[in-house]
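Working notes, beginning with the structure itself.
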Amino acid sequence: MSMLERFARQNNSLRAHDKLYLKPKPVRISYDGHAYSLFSRQRDIMSQILSPTIRHFNFDGSSGMSFTRRSPSPRDFKMLYNTQCMDAALSSESLASDESAEPCWDLPKLLDLSDSVRAGIRSGYVLGEDADKLTTFFEAALKDEERRYPTLDFEAIEYARLDKLLAELLQLADTMKTSDITPEVLLNFRVNVSQAKNLRRFWRRRFREQFFMMDQHRCAILVEGGRLKDVSFNNSLDYDLGKWQTKKLTGPVSEVEANLQFEPGHWWLNITCAERDGIVGSSLETPTKSCYGFTALPLLTGTEELIRHNTVRYVREGRTSDMHIALMTQVGRKIRIIRGHRLKSIFAPEAGLRYDGLYTIRQYGCKLDSNINKYRLELTLERAPDQRPFDEVRKMPKPSQLDDWALYEKLEGDTIKLLQGESSYLEWKMKRRQEKLERDEWQRATLFRASFSLGVMGQGEHIDRRATRHL
0 MSMLERFARQ NNSLRAHDKL YLKPKPVRIS YDGHAYSLFS RQRDIMSQIL SPTIRHFNFD
60 GSSGMSFTRR SPSPRDFKML YNTQCMDAAL SSESLASDES AEPCWDLPKL LDLSDSVRAG
120 IRSGYVLGED ADKLTTFFEA ALKDEERRYP TLDFEAIEYA RLDKLLAELL QLADTMKTSD
180 ITPEVLLNFR VNVSQAKNLR RFWRRRFREQ FFMMDQHRCA ILVEGGRLKD VSFNNSLDYD
240 LGKWQTKKLT GPVSEVEANL QFEPGHWWLN ITCAERDGIV GSSLETPTKS CYGFTALPLL
300 TGTEELIRHN TVRYVREGRT SDMHIALMTQ VGRKIRIIRG HRLKSIFAPE AGLRYDGLYT
360 IRQYGCKLDS NINKYRLELT LERAPDQRPF DEVRKMPKPS QLDDWALYEK LEGDTIKLLQ
420 GESSYLEWKM KRRQEKLERD EWQRATLFRA SFSLGVMGQG EHIDRRATRH L
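Each residue of the sequence shown is one higher than the one before, counting from 0 in numbering that gives the first Met the number 0.
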């Protein structure tokens with residue numbers, strides 16, 4: 000065989016060998032569950048170039064999925080499992096420590112805080128005396144909202160009137176003039192406003208439509224087990240002071256127990272609620288002996304003025320039956336005085352009825368005015384000592400109680416509209432508005448006259464405060 004033939008045969012054998020070598024390997028499954036082939040070699044190189052710091056592939060082939068991690072080995076699984084267990088233990092431990100430190104909300108104190116701040120806002124003192132307590136509460140409430148299950152629930156917010164607190168605070172921020180406020184107080188106030196906005200947003204998102212229907216729920220509670228418990232609206236009654244009647248009377252107790260039950264400042268929505276509780280024996284504006292055997296006089300209409308320290312003069316006009324003749328035998332004795340919001344007096348409550356304590360009848364007078372053919376009653380009443388200061392009593396009703404009063408008036412108006420029609424409802428509404436205008440006008444005139452007698456010219460509230468110190 001010539002040299003040329005041997006060279007050609009060797010060349011053919013090398014070509015055949017190269018052809019077998021370049022033949023693609025059949026597709027097979029790697030231990031990580033992905034198919035691979037040698038044709039993916041170029042893609043492997045590109046992937047390593049694009050992400051050189053991450054090992055996406057095995058040395059013996061491609062995973063078939065770009066930018067995927069290498070499948071862990073059993074040793075890797077063991078290390079991963081141990082790490083996750085350690086992290087879970089640490090996280091559960093921290094969660095347990097957080098939950099163990101969950102706040103304990105004192106609902107009566109929350110309600111007192113809400114009433115105090117709202118009363119301060121209405122009196123023009125920005126946030127009142129409890130501004131620091133309000134800031135502390137806001138911080139605790141916002142921190143509580145960061146929990147998976149916040150502890151300040153719907154019932155607590157409803158009971159403490161916290162939704163009303165936020166609404167009045169934000170309304171004050173929109174209408175307040177900041178020129179007369181010191182920079183430090185203004186800064187704290189703006190922080191509280193920001194906190195109130197965040198808290199309201201959290202509550203709206205958490206409670207949704209329930210947050211906006213809170214007043215409807217309060218109204219249901221008011222009727223079923225609240226201040227209107229065991230009283231009902233009677234459309235057939237024809238009485239100027241209301242059409243409510245009581246369903247249940249309390250059993251008689253001793254006078255000592257009665258004095259313990261009713262403290263000065265006790266407040267009701269109407270005279271029927273006071274009758275239900277037993278402090279008066281009738282829903283009429285007459286002196287009665289209640290089921291406790293103690294005489295009580297409701298001052299719901301008429302006028303009243305301060306004549307000297309701890310002493311007032313009550314005047315009313317009307318028929319003989321309106322002259323409280325039974326009080327003639329009570330001169331020199333103590334009776335309970337209950338003032339209503341329709342009484343023209345600087346000591347009358349803003350709404351509803353309030354028990355103001357024990358008064359001694361110092362003088363009783365009744366005479367006929369021939370010019371108007373009406374009788375005129377004059378009572379001189381002196382407040383008994385060793386009672387709750389009247390400056391504290393006059394703070395009733397609180398803002399939360401005024402919330403109930405607003406619900407009560409709406410409920411009464413809706414009931415009249417439903418049972419008697421639109422015309423009767425409008426008549427009732429106009430009558431209430433006219434009474435309020437007359438009371439406000441009388442009070443302004445009285446405070447103006449009192450400013451001269453006290454030697455002070457100023458705002459009505461300051462004069463009113465000085466007047467209450469005489470009781």
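A virtual CB, placed ideally from N, CA and C, is assigned to each residue, including glycine.
State the start and end residues of the unbroken alpha helix (DSSP H) segment that holds residue i.
| i | result |
| --- | --- |
| Ile415 | 398-419 |
| Ile220 | 213-223 |
| Gln194 | 182-206 |
| Thr285 | Segment: none, Thr285 is in no alpha helix (DSSP H) and carries neither H nor E. |
| Glu167 | 161-174 |
Would residue i and residue j qualify as a contact pair, given that the criterion is a beta-carbon distance under 8 Å?
| i | j | result |
| --- | --- | --- |
| Pro263 | Val392 | yes |
| Arg353 | Leu380 | no |
| Gly339 | Leu299 | yes |
| Asp403 | Leu133 | no |
| Gln194 | Phe137 | yes |
| Ala273 | Lys333 | no |
| Thr287 | Ala295 | yes |
| Pro398 | Ala140 | no |
| Ser422 | Ile415 | no |
| Ile278 | Arg335 | yes |
| Ile337 | Asp355 | yes |
| Val471 | Tyr363 | Summary: the structure shown does not reach residue 471, with the chain confined to residues 0 through 470, and so no result is reported for it. |
| Arg481 | Leu406 | Here the chain has residues from 0 to 470 only, and residue 481 is not among them. |
| Trp243 | Ser231 | yes |
| Leu112 | Asp129 | yes |
| Ala166 | Leu106 | no |
| Ile306 | Arg312 | yes |
| Thr150 | Pro102 | yes |
| Ile275 | Asp214 | Checking the sequence shown, residue 275 turns out to be Arg, not Ile. Cβ atoms of Arg275 and Asp214: not closer than 8 Å. |
Grouping DSSP H, G and I as helix and E and B as strand, with all else coil, what is residue i?
| i | result |
| --- | --- |
| Ala155 | helix |
| Gln386 | coil |
| Arg492 | No information on residue 492 is available, as it lies outside the stretch 0 to 470 that the chain covers here. |
| Tyr424 | helix |
| Arg119 | Note that residue 119 is Gly in the sequence shown here, rather than Arg. Gly119: helix per DSSP, three-state reduction. |
| Thr300 | coil |
| Thr441 | Sequence inspection shows Trp at residue 441; the Thr mentioned does not correspond to that position. If DSSP states are grouped into helix, strand and coil, Trp441 belongs with the helices. |
| Glu128 | helix |
| Ile371 | coil |
| Glu349 | coil |
| Thr328 | helix |
| Leu227 | coil |
Evaluate residue i with the Cβ neighbour count: other Cβ atoms within 10 Å of its Cβ, from every protein chain shown; 16 or more gives buried, anything less gives exposed.
| i | result |
| --- | --- |
| Gly420 | exposed |
| Thr445 | buried |
| Gly351 | buried |
| Ile345 | buried |
| Arg121 | exposed |
| Asn191 | buried |
| Glu411 | buried |
| Pro348 | buried |
Can you tell me where the beta strand (DSSP E) holding residue i begins and where it ends?
| i | result |
| --- | --- |
| Phe232 | 230-232 |
| Lys366 | 352-368 |
| Gln244 | 243-245 |
| Lys394 | Counting along the chain, Lys394 falls outside any beta strand (DSSP E), and DSSP gives it neither H nor E. |
| Tyr313 | 310-317 |
| Arg335 | 333-339 |
Validate contact between the region 143-162 and the region 195-202 using beta carbons, cut 8 Å, 3 pairs: yes
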